[in-house]
Each structure stands twice: as C-alpha cells, then as structure tokens.
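Here is the structure we will look at.
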Amino acid sequence: MNPFISIFQLIVLIFSVIIHEVSHGFVANRLGDPTAKDAGRLTLNPIKHIDPIGSILLPLVLYIFNSPILFGWAKPVPFNPYNLKNPKRDSGLIGMSGPASNFLVVIIFSIILKLVGFISAPFVPALIIFLNIIILVNLVLGIFNLVPIPPLDGSKVLFSFLPAGAVKIERFLEQYGMFILLFFIFFGFQAIIPIVLALYHLLGGSLF
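Using our numbering, read the sequence shown as starting at 522 and increasing by one per residue.
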C-alpha cells in the first residue's frame, strides 16, 4: 500500500473515531448526563481520545499485513445511565449516536464526491482517492459498531429494545461480550464486508 495513502487513512481513522466518541458524549450531555463533559472528552483533541491499542497498535499491525483499509477505535467516552431521565431508551440513543455520526460523515463526503466529478483539474484524481477513503473508513466504523455485541454500540441499541424479562440475556452478553467480539473479529468480520461494499458502491465509491 502507498505509504502516503496509509498515513492519510490513519489520520482519517483517528479523527473519525474521535467524532464517533464525541457524539456519544454530546448526546449524553443533551440527555442529562454531563460525565463526558466533566471529563473533558467533548473535544476533538486527539490526545484526549487516543487508545494505545485501538488507535495505534491495531492500525500499525493492519498496515504491516498490507490490509487495504486501516481500522481501530478510540477510548470509549464515559457516561452514567443514572443521570438519564429514561436510562433504557436514552442509553440506546447514546449508543446509536456514534454510528450515526459516521454515517453523517459518509453522506456529506459522498455528496462532495459527486460534486467533484463535475470538476476538471489536475488535483481531482488525488482528491477522489482521499474522499473514497473517508467514505470507506466511516462506513466500516458505522456498520461494525452496529453489531449487537458488547461493548459495541449495537449492544446498547439492542438492550434498549429488550423487554425487562430479558435481563439474563443482557447480563450474559455483557459478561462474555469481549470474548464473543474477539471471535467475531477473527471469524465473522467478513460477514459485514459485502454490506460495506454494497453501500460503498451505491454511494459512488470507486476504489474497490
């Protein structure tokens, strides 16, 4: 992979996961929980959000193994459900806000990609590549985080819809979620690739 493209991917990844996490904190604050705000996490400053494994080590390993796309995460933004007026519903909204922010980025830059197609200039081919990377990275982040396995956002959305009698299912997933997630990453991640690529091509993506 071109090292300049890899560096750009890493920059896009870092700021995309930061936007993702800040969105959680922003929505939580609007719903009555100032935990993230009080912790100084409602900022785009990378230092506040970088996770050594998810933001540095994993992207580096993916680069070494020549992965076509870099992937990772930031430090989760804390929130306290006891500060929320409706903890069950609001936790789901907070969970959904992260992927929603990634999909919003996808929509904005897909529109820009369409508009760039009407421009004739020497810089356009490079710009198209950069726009494609932004779209693809955010699609992967948004869709992956909707997988309903703790600690991913999809689990919070799922729990907000489960009836009160399903507390055993919720506790089981929370207890073993990390093991299930690791299994999914190694053996089930390929299942979301067709979804990512279908949406990517629908939005005008052209790198793959």
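Note that beta-carbon positions come from the ideal geometry of N, C-alpha and C, so glycine has one too.
Option nearest residue i by Cα separation, candidates the options
i: Pro567; options: Pro671, Pro646 and Val533; result: Val533
i: Ile670; options: Ile640, Leu702 and Val645; result: Leu702
i: Val627; options: Asn523, Ile640 and Gly725; result: Gly725
i: Asn587; options: Glu695, Asn523, Leu565 and Pro646; result: Asn523
i: Asn550; options: Ile590, Ile577, Phe525 and Leu605; result: Leu605
i: Ala621; options: Phe665, Ser527, Phe693 and Met699; result: Phe665
i: Glu695; options: Leu679, Phe708 and Phe707; result: Leu679
i: Leu531; options: Ile585, Leu591 and Asp559; result: Leu591
i: Ile526; options: Pro589, Phe704, Ala642 and Leu723; result: Pro589
i: Pro672; options: Phe644, Gly698, Ala647 and Leu648; result: Gly698
i: Leu625; options: Ile649, Gly663, Glu691 and Tyr584; result: Gly663
Rounded C-alpha distance that separates residue i from residue j
i: Ile654; j: Leu667; result: 20 Å
i: Pro684; j: Gly619; result: 23 Å
i: Phe729; j: Leu718; result: 8 Å
i: Gly616; j: Asp674; result: 5 Å
i: Pro715; j: Ser727; result: 15 Å
i: Asp541; j: Gly553; result: Note on identity: in this sequence residue 541 is His, with Asp being the wrong assignment. The alpha-carbon atoms of His541 and Gly553 are separated by roughly 19 Å.
i: Phe536; j: Pro573; result: 15 Å
i: Lys689; j: Leu636; result: 50 Å
i: Phe710; j: Gly686; result: 30 Å
i: Phe639; j: Leu723; result: 18 Å
Cβ separation of residue i and residue j, assumed to be a contact under 8 Å, to the nearest whole Å
i: Asn601; j: Asn659; result: With 8 Å as the limit, Asn601 and Asn659 do not qualify as a contact, their Cβ atoms being about 28 Å apart.
i: His570; j: Lys596; result: 6 Å
i: Trp594; j: Val538; result: 5 Å
i: Ser681; j: Gly613; result: 3 Å
i: Phe547; j: Leu563; result: 6 Å
i: Phe630; j: Phe529; result: About 13 Å separates the two Cβ atoms, so there is no contact after all.
i: Tyr603; j: Ile656; result: Actually they do not touch by this definition, with Cβ atoms about 38 Å apart.
Reduced DSSP category for residue i - H, G, I as helix; E, B as strand; rest coil
i: Asn623; result: helix
i: Thr564; result: coil
i: Asp554; result: coil
i: Ile616; result: The question names Ile, yet the displayed sequence has Gly at residue 616. Correct three-state label for Gly616: helix.
i: His545; result: helix
i: Ile526; result: helix
i: Lys606; result: coil
i: Ala685; result: helix
i: Ile577; result: helix
i: Asn659; result: helix
Residue environment, residue i, which counts as buried when at least 16 other CB atoms sit within 10 Å
i: Ala557; result: buried
i: Lys677; result: buried
i: Asp611; result: buried
i: Ile633; result: exposed
i: Val598; result: buried
i: Leu578; result: exposed
i: Ser576; result: buried
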